[in-house]
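Going by this note's numbering, the first residue of the sequence shown is number 1046, and it counts up by one from there.
Beta carbons are placed, not taken as given, at the ideal position from N, Cα and C, and that holds for glycine.
Being a predicted model, the structure only gives us computed values, none of them experimental.
Worksheet: one structure, shown below.
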Amino acid sequence: MEKINSLTGMTDLIETKADENVLANKVFQTEKILKEIFTNYAMSEIRTPALENTNLFKRSVGDTSDIVNKELYTFSDKNDKSITLRPEGTASVMRSIIEKKLDGETHKLWYLGPMWRYERPQKGRYRQFNQAGIEILGYPEGAPEFEMISLICELNRKLQIRKPLIKINHLGDSNTKKLFCKALVDYLTPMKSNLDEKDLLRLDSNPLRILDSKNPNTIEILKKAPSISDYLQDSSKELLKSIQELFSDKCEIQIDFNLVRGLDYYTGFVFEAISEDLGAQDAYLGGGRYDNLSAQLGGKDLPAIGMAIGIERLALISYQENKNRTLISFIIISSNSEAKAYKISHELRSINKNIDIDVQLSQGSLKSKLRRANKNGAAYAFIVGDEEIESKTVIIKPLNKEDSDQSTMNLNEIENFIKNLS
Ligand code: HAM
């Protein structure tokens, strides 16, 4: 029978007990640590559906963005309604807050889940990937900006990120944006013949995005282009400086006046964190302020700022070692008293919640079960046969090589032994 494989760019993540370097293990561990950080920052979880009305993304992420233009997974449902697998989380969060009439209040929210973008897969770029995001709603520019950078520094520290660099910029108010875009278009128009098709399109529809061009010709031309810094208000520049200064002892922050984001809803402060260890897809998180999105989606005026973290990319550059929990492999070598032995494992599990007990469910020789225990990274094998059931004892066999003498303990001794494990 022909086998069925997963779709291109969609990966399976399967935890492997014995090898902590497997990407899946790192992804799951990273998710746990991120959830702890979000909780430490007093954020609340929000979970929205994976499928949304297609127009939600057109009106938020934007008609001119690559995401909406080329990368959406859009289908007609059985009722011929156009629906889309979410390419990001911000639009859905805002839709939900408006729909629940919560757009008059302040919120600190986090989410974690799969997103879909029809991109060309490569290292760190998938068609289905996992994002963790936070959205802080209802607060004008100021403290929430510091909160974002503080959280990034904290996750860099906790996950021991390799070579992290935070880039920050400010897109100004709508007037700044208008004046700067005009200056940029005026500068680039006489050089149109040197621009490629993609940049020509951007010149028409969203000139700011040209600053993100990967074309070496365009990059050269941009060296002499007007800079947004010439148009920014002093308060915006001061914000960038004070963020850079405030956190300079905690993480490396660079003001980059060419930093623009690929989504249309941003209005003021924007940022990305990159690591050169990621290669071409070097951004492991990005975000910024989007004060107009609520009104754009039919809600009240609700200032907002947020960011999303690419979990797979973060896992790729995290030095964080899996905090290995102690694993006990529980081996039953009797078929007559299997049920009684099983009951012992049940009792032992409740003694110390930091200890994991892997009851070996397969049939087989003691030798093969010990081999499996070693393969799974167990610290001890607990062995129970007919004799042990009879005498209410368990054989404890340490599995690390230096200390491999086994001993027999009664149930009281075992209880103490497990209590003292960490
Ligand atoms: P974004 O920059 O499009 O922003 O995505 C955030 C992060 O998701 C990226 O920095 C990257 O790490 C990861 N990512 C994006 N595409 C892929 C992919 N194809 N494969 C693997 N990882 C990927 C947003 O999504 C905004 N919603 C962020 C935000 C929240 N802004 C305000 N609030």
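Could you pull the DSSP bridge partners for residue i from this structure?
i       : result
THR1438 : ASN1455
GLY1351 : GLU1180, GLY1333
VAL1429 : ILE1377
ARG1140 : For ARG1140, which the question treats as bridged, DSSP gives no partner whatsoever.
ILE1128 : ASN1098, PHE1120
LYS1212 : GLN1299, GLU1317
PRO1159 : ASN1175
GLN1289 : The partner list for GLN1289 (beta bridge, DSSP) is empty, contrary to what the question assumes.
ARG1170 : GLN1167
ALA1328 : ILE1319
VAL1470 : Lying outside 1046 to 1467, the shown extent of the chain, residue 1470 is not represented and no answer is given.
LYS1153 : ILE1181
SER1089 : LEU1154
Cutting at 7 Å between CB atoms, please list the residues of its own chain near residue i, excluding the five before and the five after it.
i       : result
LYS1414 : ILE1376, GLN1405
PHE1302 : ASN1214, SER1272, ILE1273, SER1274
LEU1323 : GLY1169, TYR1329, ARG1358, LEU1361, ILE1362
LEU1224 : TYR1276
LYS1208 : SER1320, GLU1321, ASP1322
ALA1386 : ILE1377, SER1379, VAL1429, ILE1434
LYS1420 : ALA1063
ALA1340 : ASP1346
ASP1057 : SER1051
ARG1394 : ILE1402
VAL1305 : LEU1253, ARG1254, LEU1256, ASP1257
GLN1451 : ILE1440, ILE1441, LYS1442
LYS1103 : VAL1113
LEU1285 : ILE1213, HIS1215, ILE1300
GLU1383 : ILE1377
If you drop the 5 nearest sequence neighbours on each side, which residues of the same chain put their C-beta closer than 8 Å to that of residue i?
i       : result
THR1221 : ILE1273, TYR1276, LEU1277, GLN1278, SER1281
LYS1437 : ASN1455, LEU1456
GLY1343 : ILE1143
ASP1111 : GLY1307
ASN1397 : ILE1463, LYS1464, LEU1466
SER1121 : SER1127, ILE1128
ALA1418 : SER1374, ILE1376, ASP1403, GLN1405, ALA1426, LEU1444
ILE1078 : LEU1200, LYS1203, LEU1204, GLN1365
ARG1072 : Note that residue 1072 is Val in the sequence shown, not Arg. Correct list, in chain order: LEU1058, ASN1175, ILE1356, GLU1357, ALA1360.
CYS1226 : PRO1252, LEU1253
Who are the Cβ neighbours of residue i in its own chain at under 6 Å, not counting the five residues just before and after it?
i       : result
GLN1365 : LEU1204, GLN1205
LEU1330 : ALA1318, MET1352, ILE1354
GLU1190 : PHE1314
PRO1443 : TYR1425, SER1449
VAL1459 : In the sequence as presented, Val is not what sits at residue 1459; that position holds Ile. Hits under 6 Å: VAL1439.
THR1371 : ILE1400, ALA1424, LEU1466
LEU1182 : HIS1152, LEU1347, ALA1349
PRO1159 : GLN1173, ASN1175
THR1470 : Outside the displayed span of the chain (1046 to 1467) sits residue 1470, for which this structure offers no information.
ASN1201 : PRO1209, CYS1296
MET1055 : ARG1172, GLN1173
ALA1228 : PRO1271
TYR1310 : SER1105, TYR1335, LEU1338
ASN1251 : THR1109
ALA1069 : LEU1058, ILE1059, GLU1060
VAL1230 : PRO1252
Residue i and residue j look like a contact to me (Cβ under 8 Å); what is the Cβ gap, rounded to whole Å?
i       : j       : result
TYR1156 : GLY1134 : 5 Å
ALA1136 : SER1089 : Contact doesn't hold; Cβ gap of about 19 Å is too wide.
ILE1211 : CYS1296 : 6 Å
LEU1240 : THR1263 : 6 Å
ARG1131 : THR1053 : Going by Cβ atoms, the distance from ARG1131 to THR1053 rounds to 19 Å, so no, they are not a contact pair.
LEU1233 : LEU1248 : 6 Å
ILE1082 : GLU1199 : 6 Å
ASP1431 : ASN1381 : 6 Å
PHE1292 : ILE1300 : Contact doesn't hold; Cβ gap of about 12 Å is too wide.
ILE1288 : ILE1194 : 6 Å
TYR1086 : LEU1196 : 6 Å
Does chain C have any CB closer than 7 Å to the CB of residue i?
i       : result
THR1061 : Among the chains of the structure shown, chain C does not appear; only one protein chain is present.
Check your understanding: Quick one: any contact between the segment 1311-1326 and the segment 1354-1368, if contact means 3 or more CB pairs under 8 Å?
Key -> With the cut-off at 8 Å, the segment 1311-1326 and the segment 1354-1368 touch.
Check your understanding: Three or more beta-carbon pairs under 8 Å between the segment 1060-1074 and the segment 1150-1165, yes or no?
Key -> Too few Cβ pairs lie closer than 8 Å, so no.
Exercise for review: Inspect the CB distances between the segment 1125-1141 and the segment 1092-1105 and report whether three or more fall short of 8 Å.
Suggested key: By the criterion of at least three beta-carbon pairs nearer than 8 Å, the segment 1125-1141 is in contact with the segment 1092-1105.
Check your understanding: Contact between the segment 1095-1104 and the segment 1125-1132: three or more CB pairs below 8 Å?
Key -> Verdict: yes, contact present.
Exercise for review: Pair every Cβ in the segment 1342-1352 with every Cβ in the segment 1148-1163, then say whether three or more of these pairs are closer than 8 Å.
Suggested key: Short answer: they touch.
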